[in-house]
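Structure first, commentary second.
This is how it looks when you write it as structure tokens:
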């Protein structure tokens, strides 16, 4: 399995920006619906942290719906692009940081790990979950999202589009199946099932819920009460 450095070295900066310049309407709908779900659950007073923020796509979308928002990403190039991308959003910030070694001192009302971020981070251990929850204030929430199995066909279309743009290696169609996408350059993306998300929710020790959105995303929402 390709490690997290794939994102630091290959899927970064302008390439990552082009990932979201998709011409597939159903993928655009998925991206909008995922953000809208979070936005509709914000009151405007929250301090928000996004894990694996890339160049700040989601950070910018949500900046107007919260008190402040910080995005962290492992790629220096993506963060450099993000600083320019977010320059007109005074309550938004993006910094280079590894999710497994977060050094931020403040606590947050909401932490986001969206768009199947768990797959790229490969961090679902009890220690990881405990560390993330330790950064949330009492009464706060953590949102993890992955893909719905109903979205598989469109997800494949999107990855093929990215490969055609040269953003990823060619898909290995013999090995790509059952929610796992494998490219011939070594890239591998898995999908967390609702069962997997329930396991993570149980590991947290807090109240949680699983919710499907738009037949494209499945959210795990942990309430730190």
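In UniProt numbering, the protein residues as written are 1 to 225. Virtual Cβ for every residue (Gly too), placed ideally from N, Cα, C. Because the structure is a prediction, the values reported are computed rather than measured.
Proximal residues to residue 215 (C-beta, below 7 Å), its chain only, five neighbours per side dropped: 148, 150 and 151
Where residue 145 falls: helix, strand or coil (DSSP): strand
Validate contact between the segment 57–72 and the segment 29–45 using beta carbons, cut 8 Å, 3 pairs: yes
Whether residue 119 touches residue 53 by CB criterion (8 Å): no
Where the beta strand (DSSP E) containing residue 111 begins and where it ends: 108–113
Residue 141 burial status per 10 Å Cβ neighbour count (16 or more: buried): buried
Every unbroken beta strand (DSSP E) inside the segment 188–221 [3 residues or more]: 207–213
Through-space distance from residue 199 to residue 126, alpha-carbon basis: 10 Å
DSSP state of residue 127 mapped onto helix, strand, coil: helix
For residue 96, the nearest candidate out of 87, 71 and 109 (CA to CA): 71
Backbone secondary structure at residue 29 - three-state DSSP: helix
Cβ shell of residue 207 (< 8 Å), same chain only, five flanking positions each side left out: 222, 223 and 225
Beta-carbon spacing of residue 67, residue 91 below 8 Å: yes
Straight-line gap, residue 211 to residue 158 (C-alpha atoms, nearest Å): 23 Å
Beta-carbon proximity list for residue 171, same chain, < 8 Å, skipping 5 on both sides: 156, 159, 160, 163, 181, 182, 183 and 184
Alpha-carbon to alpha-carbon, residue 173 and residue 192: 20 Å
Neighbourhood of residue 179 by C-beta, 8 Å cutoff - its chain only, sequence neighbours within 5 removed: 147, 149, 152, 190, 191 and 193
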